[in-house]
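Under my numbering, think of the first position of the sequence shown as 22, with each following residue one higher. For each residue, glycine too, the CB sits at the ideal point set by N, CA and C. All figures in this text were calculated on a predicted structure; none of them were measured in a lab. Below: the structure, in structure tokens.
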Amino acid sequence: MSKISPKAINCPFCNESQVANIYDSVNVTIDPSLKQKVLNGTLNDKNCDSCGKAINIISGLLYHDMTQKLMISLNTSDEPGITFDNKNPFLKMEGYIVREVKEYYDLIEKITIFDNGLNDEVLAALAEGFSSSLNEIVKDAKLYVFFDRIEKSLFKKKIVFKCFTHPSQMMELKQPISKLDKAQQSLLFNMDVLRN
Ligand SMILES: [Zn+2]
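What follows is the structure, given as structure tokens:
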């Protein structure tokens with residue numbers, strides 16, 4: 022079940038205080054229509070009761086996909102207060118993949134990776150490799166590298182990463198899968214090894 026809590030907010034435009042219904046958890050198996058809202062960041066959107074402008078609210082969230090046996094907690098606070106135990110024996114027994122992320126784009130990345138049936142640990146290691154070699158060049162800005170898609174051409178499959186220091190300057194990095202080492206190639210399309 023998805024869970025909604027009313028929370029007091031102030032409109033960022035007119036400062037009027039009001040109640041917004043914020044999703045604490047989203048079950049995309051029971052409520053499939055919510056998935057697109059998670060992906061485009063509009064889950065908690067509402068129009069201000071006073072000025073009518075659209076208010077976009079990003080808040081911590083537990084994403085639950087029962088079909089894929091996947092739980093991703095978006096914890097935007099600095100507190101370690103995870104909403105569930107990472108080593109929950111029940112989830113482990115059921116073969117769940119459990120993740121916690123800090124940023125909204127990390128949540129989107131994880132959902133995209135698992136929707137593609139990919140292994141997020143392999144991709145994280147590749148992204149980390151790109152990130153550290155590029156940070157040598159881009160010294161004074163933090164560089165973000167995240168998975169975007171698998172590109173399939175006639176002969177080659179490539180992993181496409183998006184990378185940016187600022188979201189307005191998005192670049193793509195393409196990694197041919199044939200150039201990965203043997204271990205990475207065999208694990209990349211296997212997300213089930215993550216369930217143990
Ligand atoms: Zn307003």
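Given the structure, does Ser38 come close to ligand 1, in the sense that its CB is under 6 Å from one of the ligand's heavy atoms? Checking every heavy atom of ligand 1 against the Cβ of Ser38, none is found closer than 6 Å.
Does the beta-carbon distance from Thr133 to Thr88 come in below 7 Å? Taking C-beta atoms as the reference points, Thr133 and Thr88 fail to come closer than 7 Å.
Could you tell me the alpha carbon to alpha carbon distance between Leu209 and Met22, rounded to whole angstroms? One C-alpha to the other measures close to 31 Å.
Could you tell me whether any non-hydrogen atom of ligand 1 is closer than 6 Å to the CB of Phe34? Phe34 Cβ: within cutoff of ligand 1.
Taking 6 Å as the line, does the beta carbon of Cys184 fall inside it for any heavy atom of ligand 1? Incorrect: Cys184 has no Cβ contact closer than 6 Å to ligand 1.
Please report the Cβ distance between Glu100 and Ser71, rounded to the nearest whole angstrom; I am assuming they are in contact, meaning their Cβ atoms lie under 8 Å. Not confirmed; about 32 Å, so no contact.
Bridge partners for Lys28 per DSSP, in chain order? Its beta-bridge partners are Ala41.
Whose C-alpha, out of Tyr44, Asp45, Gln57 and Asn31, is nearest the C-alpha of Asn68? Taking only the C-alpha atoms, the option nearest Asn68 is Asn31.
When burial is assigned at 16 or more other CB atoms within 10 Å of the CB, is His187 buried or exposed? His187 counts as exposed, since fewer than 16 other C-beta atoms from the protein chains shown sit within 10 angstroms of its C-beta.
Enclosing alpha helix (DSSP H) for Tyr125 [first to last residue]: Residues Tyr125 to Asp136.
According to the neighbour-count rule (16 or more other Cβ atoms, all chains shown, within 10 Å of its Cβ), is Ser94 buried or exposed? Buried, by the Cβ-count rule.
Can you find a heavy atom of ligand 1 that lies under 6 Å from the Cβ of Ser80? Ser80: no, Cβ never under 6 Å from ligand 1.
Give the DSSP-derived three-state secondary structure of Phe182 in the structure shown. For Phe182, the three-state secondary structure derived from DSSP is strand.
From Asp52 to Gln190, what does the alpha carbon distance come to, in whole angstroms? About 35 Å.
Is Lys74 helix, strand or coil when you go by DSSP? Of the three classes helix, strand and coil, the one that applies to Lys74 here is coil, per DSSP.
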